[in-house]
Amino acid sequence: MSSSELATFQPSVPTATGSARVSAIEIAGLHYNYPDGTAALDGIELRVEAGERVALMGLNGAGKSTLLMHLNGILRGTGQIRILGHELTDATVGEIRAQVGFVFQNPDDQLFSPSVWDDVAYGPLYMGLDRDEIERRVDRALAAVGMRDVADKLPHHLSLGQRKRVSLATVLSMEPSILVLDEPTAGLDPAARRQLIELLDSLPQTLLFATHDMRFARDSATRALIMQAGRIVADGPVAELLADGPTLERYGLELP
Amino acid sequence: MSLPAWLTAERYQARDSFLHRRDARIKLVVTVSAAFAVTLTPEGNWLAFGAFALVVGAFMVLSRLPVGFYLRRAGLALPFVAAAVPLIFTRPGETLFTLPLFGWTASTAGLVAVASIVLKAMLAVLMATTLVGTTPPQALLRALERLRVPRLLSSTIMLMYRYLFVIAEEGQRMLRARESRSASRVNLHAGRSVGWRAGVLGRMVGTLFLRSYERSERVYVAMAARGYDGTIRTVRAEHSPDTFDWLMLLGSLSAFAGIVVYVLV
Numbered sequence: 001m002s003s004s005e006l007a008t009f010q011p012s013v014p015t016a017t018g019s020a021r022v023s024a025i026e027i028a029g030l031h032y033n034y035p036d037g038t039a040a041l042d043g044i045e046l047r048v049e050a051g052e053r054v055a056l057m058g059l060n061g062a063g064k065s066t067l068l069m070h071l072n073g074i075l076r077g078t079g080q081i082r083i084l085g086h087e088l089t090d091a092t093v094g095e096i097r098a099q100v101g102f103v104f105q106n107p108d109d110q111l112f113s114p115s116v117w118d119d120v121a122y123g124p125l126y127m128g129l130d131r132d133e134i135e136r137r138v139d140r141a142l143a144a145v146g147m148r149d150v151a152d153k154l155p156h157h158l159s160l161g162q163r164k165r166v167s168l169a170t171v172l173s174m175e176p177s178i179l180v181l182d183e184p185t186a187g188l189d190p191a192a193r194r195q196l197i198e199l200l201d202s203l204p205q206t207l208l209f210a211t212h213d214m215r216f217a218r219d220s221a222t223r224a225l226i227m228q229a230g231r232i233v234a235d236g237p238v239a240e241l242l243a244d245g246p247t248l249e250r251y252g253l254e255l256p
Numbered sequence: 001m002s003l004p005a006w007l008t009a010e011r012y013q014a015r016d017s018f019l020h021r022r023d024a025r026i027k028l029v030v031t032v033s034a035a036f037a038v039t040l041t042p043e044g045n046w047l048a049f050g051a052f053a054l055v056v057g058a059f060m061v062l063s064r065l066p067v068g069f070y071l072r073r074a075g076l077a078l079p080f081v082a083a084a085v086p087l088i089f090t091r092p093g094e095t096l097f098t099l100p101l102f103g104w105t106a107s108t109a110g111l112v113a114v115a116s117i118v119l120k121a122m123l124a125v126l127m128a129t130t131l132v133g134t135t136p137p138q139a140l141l142r143a144l145e146r147l148r149v150p151r152l153l154s155s156t157i158m159l160m161y162r163y164l165f166v167i168a169e170e171g172q173r174m175l176r177a178r179e180s181r182s183a184s185r186v187n188l189h190a191g192r193s194v195g196w197r198a199g200v201l202g203r204m205v206g207t208l209f210l211r212s213y214e215r216s217e218r219v220y221v222a223m224a225a226r227g228y229d230g231t232i233r234t235v236r237a238e239h240s241p242d243t244f245d246w247l248m249l250l251g252s253l254s255a256f257a258g259i260v261v262y263v264l265v
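Quick note, the sequences are listed as chains A and B, same order. Take 1 as the starting number for the first sequence in the working numbering and just add one per residue. Take 1 as the starting number for the second sequence in the working numbering and just add one per residue.
(1) Under the three-state reduction of DSSP, which class applies to TRP6 of chain B: helix, strand or coil?
(2) Express the C-alpha separation of ALA217 of chain A and SER234 of chain A in angstroms, rounding to a whole number.
(3) Give a yes or no on whether 9 Å exceeds the smallest Cβ distance from ALA216 of chain B to chain A.
(4) Going by C-alpha to C-alpha distance, which of B:ALA9, B:LEU19, B:ARG226, B:ASP23 sits closest to LEU144 of chain B?
(5) Give the DSSP-derived three-state secondary structure of GLY75 of chain B in the structure shown.
(6) Rounded to a whole number of angstroms, what is the C-alpha to C-alpha distance between ARG176 of chain B and LEU264 of chain B?
(7) So HIS189 of chain B contacts chain A; which residues on that side make the cut at Cβ distance below 8 Å?
(8) Roughly how many angstroms lie between the CA atoms of ARG97 of chain A and LEU88 of chain A, to the nearest whole one?
(9) Could you pull the start and end residues of the alpha helix (DSSP H) that TYR163 of chain B belongs to?
(10) Pull up the distance between the alpha-carbon of SER220 of chain A and that of ILE81 of chain A, whole angstroms please.
(11) By the 7 Å beta-carbon criterion, what residues does the region 165-183 of chain B contribute toward chain A?
(12) Out of B:LEU28, B:ARG185, B:TRP196, B:LEU40, which one is the CA nearest neighbour of GLY258 of chain B?
(13) Nearest-angstrom Cα distance between LEU28 of chain B and ALA224 of chain A?
(14) I'd like to check one pair, LEU208 of chain A with ILE178 of chain A: are the Cβ atoms closer than 9 Å?
(15) Determine, using beta carbons only, whether TYR122 of chain A comes closer than 9 Å to chain B.
(16) By the three-class DSSP mapping on this structure, what secondary structure does ILE74 of chain A have?
(17) Of the residues B:ILE167, B:LEU247, B:LEU62, which one's Cα is nearest the Cα of ARG211 of chain B?
(18) Per DSSP, which one or two residues make a beta bridge with ASP232 of chain A?
(19) If I follow the unbroken beta strand (DSSP E) through LEU30 of chain A, where does it start and stop?
(20) Answer yes or no: does any C-beta atom of chain B fall closer than 9 Å to that of ASP132 of chain A?
(21) Near LEU181 of chain A, which residues of its chain fall below 6 Å by C-beta distance, leaving aside the five closest residues on each side in sequence?
(22) Could I get the ranges of all uninterrupted beta strand (DSSP E) runs contained in the region 61-106 of chain B, with 3 residues as the minimum, in chain order?
(23) Taking the alpha-carbon positions, what's the MET127 of chain A to GLY94 of chain A distance?
(24) Checking contacts by CB at 9 Å: is PHE112 of chain A closer than that to chain B?
(25) Cα-Cα, which of B:PHE18, B:LEU78, B:GLY50, B:TRP104 is closest to ARG64 of chain B?
(26) Using beta carbons (cut-off 9 Å, strictly below), is HIS86 of chain A in contact with chain B?
(27) Here's the rule I'm using: 16 or more other beta-carbon atoms within 10 Å means buried, otherwise exposed. How should TYR32 of chain A be labelled?
(28) Secondary structure at GLN110 of chain A, three-state DSSP: helix, strand or coil?
(29) Measuring only between beta-carbons, confirm whether LEU56 of chain A sits less than 9 Å from chain B.
(30) Tell me whether HIS70 of chain A is buried or exposed, calling it buried when 16 or more other Cβ atoms sit within 10 Å of its Cβ.
(31) Taking only beta-carbon positions, decide if VAL186 of chain B is within less than 9 Å of chain A.
(32) Can you list, in chain order, the stretches of the beta strand (DSSP E) that have 3 or more residues and sit fully within the region 131-185 of chain A?
(33) Mind checking if VAL200 of chain B is an interface residue toward chain A, Cβ cutoff 9 Å exclusive?
(34) Just how far apart, CA to CA, sit ALA62 of chain A and ILE25 of chain A?
(35) Quick one: any contact between the region 36-54 of chain A and the region 193-212 of chain A, if contact means 3 or more CB pairs under 8 Å?
(36) Buried or exposed for ALA224 of chain B, please, with buried defined as at least 16 other CB atoms from any protein chain shown within 10 angstroms of its CB.
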């Protein structure tokens with residue numbers, strides 16, 4: 001698989017019909033052990049089509065974050081991961097990171113620069129884009145999350161809701177095709193939560209998010225997965241899965 | 001999401017050996033005395049260094065800690081020791097060799113000085129490693145307090161140890177987030193320049209410092225809210241030295257004093 005093929009992919013905006021049927025995410029036989037030897041991922045099989053919006057549910061420690069961190073090669077287990085048809089390897093990981101925008105649960109981890117503008121510009125700067133393109137992208141990303149007026153502020157002086165939205169902008173500026181979010185609504189007040197959900201709903205990217213927020217899953221996802229002990233134990237349309245009381249109960253989840 | 005295992009000595013502190021069972025205060029006094037005695041020994045006293053090496057070696061055997069642990073810890077001290085290397089060229093004395101490109105002359109006296117400093121540092125570090133590898137931090141801190149080390153110092157060390165890991169993990173998560181957004185595009189040079197990346201890292205350190213500083217204020221308020229007045233109180237059973245402890249103290253101090261008196265007189 002030559003890495004130059006990745007360049008032929010359109011950043012973002014998957015078409016609904018899609019002429020060439022290539023899955024956004026394909027995972028086969030993925031295993032990952034923590035350094036102490038316990039299995040965190042125990043044979044993950046997953047296919048996500050372009051444009052799908054997938055909620056990943058399950059109790060703490062089920063392996064949700066570990067799975068997500070494999071999608072852009074932050075963690076490397078054994079097994080096969082294909083992003084937009086391209087296998088994730090040492091050679092392709094850089095370009096795959098440009099396609100998979102990862103938003104960490106805690107914005108304080110995500111935001112490491114002294115100003116909001118610097119942080120949103122980091123991805124495009126690192127990629128080596130030119131100055132005009134960087135400024136255009138930063139401006140567009142900040143506008144998309146409604147945070148243009150805080151561009152010069154210190155990230156850690158913003159509210160949690162604002163920091164979450166800035167975190168999203170830091171990956172939107174890279175114009176990825178896939179967005180991966182770890183607990184995007186955790187800790188938000190109802191207004192900030194609603195704003196974030198509306199924002200996510202307005203984005204065209206393929207979406208995969210881990211969450212404990214069942215109402216958010218119901219409202220924003222089309223498909224839901226449940227993980228337990230490093231395996232995907234349930235997979236189906238979100239409406240069906242969330243209506244299936246016994247299944248939810250079996251995996252320790254509650255109806256919204 | 002934990003620190004590299006080799007950074008912490010916890011799994012070694014949980015072992016058992018003659019030294020693990022010794023009173024933390026005794027071990028602390030012996031370690032500090034060893035460091036002083038080694039430092040007091042003048043350069044080039046190879047016989048004395050050999051004698052110290054025997055004593056330190058005996059402690060290493062008694063600790064039953066793996067050699068790898070000692071090597072990693074000693075390795076951490078090497079960069080600091082390297083600061084002494086220029087002495088080989090600056091110390092006047094009989095010419096040993098001349099560095100071809102620079103024309104600097106190395107002296108025998110300089111070589112003796114550097115070798116002595118490296119030996120002293122290694123002996124002291126190995127002793128300290130023995131102490132740290134056989135004593136849990138709580139016991140060590142309590143020993144500092146009971147030896148009447150100023151409260152400000154012991155509580156500062158305690159809080160540093162408590163939050164070191166929190167801050168290190170926060171730093172690690174920031175690095176992971178940066179890695180996540182360090183992407184490349186075909187036909188574009190990723191990563192800009194070393195200088196730019198160094199600048200990003202520098203600003204990350206600054207951000208981490210600011211956050212740690214703000215955290216310290218929150219921690220202090222939380223402690224003050226629970227009545228903190230600068231004293232760490234404990235109701236844990238206090239250890240008291242037994243016969244073996246006193247014997248070890250007496251034996252080591254006499255050995256160190258003997259060696260120092262021998263070389264100085």
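Using N, Cα and C, we set each Cβ at its ideal position, and we do this for glycine too.
With the given structure in hand:
(1) Since pLDDT at TRP6 of chain B reaches only 49, below the 50 mark, its modelled position is unreliable, and no value is offered.
(2) This sequence places Ala at residue 234 of chain A; Ser is not what is there. Spanning the two alpha carbons is a distance of roughly 14 Å.
(3) According to the sequence provided, residue 216 of chain B is Ser. The question's Ala does not apply to it. No, SER216 of chain B does not count as interfacial toward chain A.
(4) Measuring from the Cα of LEU144 of chain B, the nearest candidate turns out to be B:ASP23.
(5) The answer is helix: DSSP assigns GLY75 of chain B an H, G or I state.
(6) Looking at the backbone, the Cα of ARG176 of chain B and that of LEU264 of chain B are separated by about 55 Å.
(7) The answer, in chain order, is GLY128.
(8) Looking at the two C-alpha atoms, the distance is approximately 10 Å.
(9) 151-180 is the extent of the alpha helix (DSSP H) around TYR163 of chain B.
(10) The alpha-carbon atoms of SER220 of chain A and ILE81 of chain A are separated by roughly 25 Å.
(11) Answer set for the region 165-183 of chain B: ARG173, MET174, ARG176, ALA177, ARG178, GLU179, SER180, ARG181, SER182, ALA183.
(12) GLY258 of chain B has its Cα closest to that of B:LEU40, out of B:LEU28, B:ARG185, B:TRP196, B:LEU40.
(13) CA-CA distance, LEU28 of chain B to ALA224 of chain A, rounds to 58 Å.
(14) Contact flag set, yes.
(15) Under the 9 Å criterion on CB atoms, TYR122 of chain A is classed as interfacial with respect to chain B.
(16) In the structure shown, ILE74 of chain A sits in coil (DSSP, three-state: anything other than H, G, I, E or B).
(17) Out of B:ILE167, B:LEU247, B:LEU62, B:ILE167 has the C-alpha closest to the C-alpha of ARG211 of chain B.
(18) This sequence places Ile at residue 232 of chain A; Asp is not what is there. In the DSSP output, where bridge partners are listed per residue, ILE232 of chain A has A:MET227.
(19) In the DSSP assignment, LEU30 of chain A falls within the unbroken beta strand (DSSP E) covering 25-33.
(20) Closer than 9 Å to the CB of ASP132 of chain A there is not a single CB belonging to chain B.
(21) So the qualifying residues of the chain are VAL103, PHE209.
(22) Correct list: 95-98.
(23) Cα to Cα, MET127 of chain A sits roughly 9 Å from GLY94 of chain A.
(24) It does; some Cβ of chain B falls within 9 Å.
(25) With distances taken between Cα atoms, ARG64 of chain B lies closest to B:PHE18.
(26) Residue contact with chain B for HIS86 of chain A: absent (no Cβ-Cβ distance below 9 Å to any residue of chain B).
(27) It counts as buried.
(28) Helix.
(29) No, because no Cβ of chain B sits closer than 9 Å to the Cβ of LEU56 of chain A.
(30) Classification of HIS70 of chain A: buried, given that the 10 Å Cβ count is 16 or more.
(31) So, interface residue.
(32) At a cut-off of 3 residues, the continuous stretches assigned as beta strand (DSSP E) that sit fully inside the region 131-185 of chain A are 178-182.
(33) With a threshold of 9 Å between beta carbons, VAL200 of chain B makes contact with chain A.
(34) Put simply, the backbone Cα of ALA62 of chain A is about 20 Å away from that of ILE25 of chain A.
(35) The region 36-54 of chain A vs the region 193-212 of chain A: in contact.
(36) Exposed.
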